[in-house]
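Read through the structure below, which is laid out as structure tokens, and then see the notes.
There are 2 protein chains.
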Amino acid sequence: MRAYLENINKAFESRARLGIMSVLMVEDKTDFNNLKETLQLTDGNLASHLRALEEAGYLQVEKQFVGRKPNTTYQATDAGREAFKAHLDALERLILDNRQNE
Amino acid sequence: MRAYLENINKAFESRARLGIMSVLMVEDKTDFNNLKETLQLTDGNLASHLRALEEAGYLQVEKQFVGRKPNTTYQATDAGREAFKAHLDALERLILDNRQNE
Chain A
12 MRAYLENINK AFESRARLGI MSVLMVEDKT DFNNLKETLQ LTDGNLASHL
62 RALEEAGYLQ VEKQFVGRKP NTTYQATDAG REAFKAHLDA LERLILDNRQ
112 NE
Chain B
12 MRAYLENINK AFESRARLGI MSVLMVEDKT DFNNLKETLQ LTDGNLASHL
62 RALEEAGYLQ VEKQFVGRKP NTTYQATDAG REAFKAHLDA LERLILDNRQ
112 NE
């Protein structure tokens, strides 16, 4: 197996998760609606991807109240940032490898 | 939604399919065992990914006999090559976008 394929992380495979992590790499904290609008996902779909990333330890969830309204924010963990960078590096090697063979 | 995310193709999302297409971009024709060894996949897993790529029109399957032994080869279609290149371009833009924001 090509070595870089081993570094492609199943947790980030889907377009939705690539999108979520891309947003979280830029914005320190973000909320559900911002992610939903940016990525054009349904509530259920976004929630399930967020839960999977949380369970993998790649993002943390903070629930608080803004006035009387509940507000949930999402933030990448250090582990999440490292893992996502490693995933992008692996994808980059795959791309370079493909281009070399064109 | 970031425009490049729309060009990320669900058919190529998984590591297995990235691997299969990377092999098929280089080798004109390849057989099941070569893919299996290169990508370290189980028979069932590889077969199911190959079937999905065939159904998407991204690879074609040729069954023939080598002497008395059946031999099945897999080859990327033109549509598969184009679509895979577009997918890699989208991933590249995602990577560049992430790097710019580091």
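Protein sequence lines, in the order shown, are assigned to chains A and B. Using my numbering, read the first sequence as starting at 12 and increasing by one per residue. Using my numbering, read the second sequence as starting at 12 and increasing by one per residue. Just so it is clear, CB atoms sit at the ideal spot from N, CA and C, and this is done for glycine as well.
Using the DSSP secondary-structure output, state which residues sit across from residue i in a beta bridge.
i, result
"B:T83", "B:K74"
Would you mind giving the Cβ-Cβ distance between residue i and residue j, rounded to the nearest angstrom? I have them listed as a contact below 8 Å.
i, j, result
"B:I19", "A:E103", "Rounded, the Cβ-Cβ distance is 15 Å, inconsistent with contact."
"A:S33", "B:D108", "7 Å"
What's the C-alpha gap between residue i and residue j?
i, j, result
"A:L70", "A:L61", "8 Å"
"B:D100", "B:N56", "26 Å"
"B:T41", "B:L35", "7 Å"
"B:T88", "A:F23", "27 Å"
"B:A97", "A:G78", "46 Å"
"A:F76", "B:L52", "48 Å"
"A:F95", "B:F43", "31 Å"
"A:E17", "B:A27", "10 Å"
"B:L29", "B:R92", "12 Å"
"A:A58", "A:I31", "11 Å"
"A:N112", "A:E66", "38 Å"
"B:A63", "B:D39", "19 Å"
"A:R13", "B:L46", "12 Å"
"A:K80", "B:R110", "35 Å"
Going by alpha carbons, who is nearest to residue i out of the options?
i, options, result
"B:K74", "B:T84, B:E65, B:G68, B:H98", "B:T84"
"A:A90", "A:E48, A:G68, A:L50", "A:G68"
Please specify which runs of the alpha helix (DSSP H), each continuous and at least 4 residues long, are wholly inside the segment 24–60 of chain A, giving them in chain order. 26–37, 43–50
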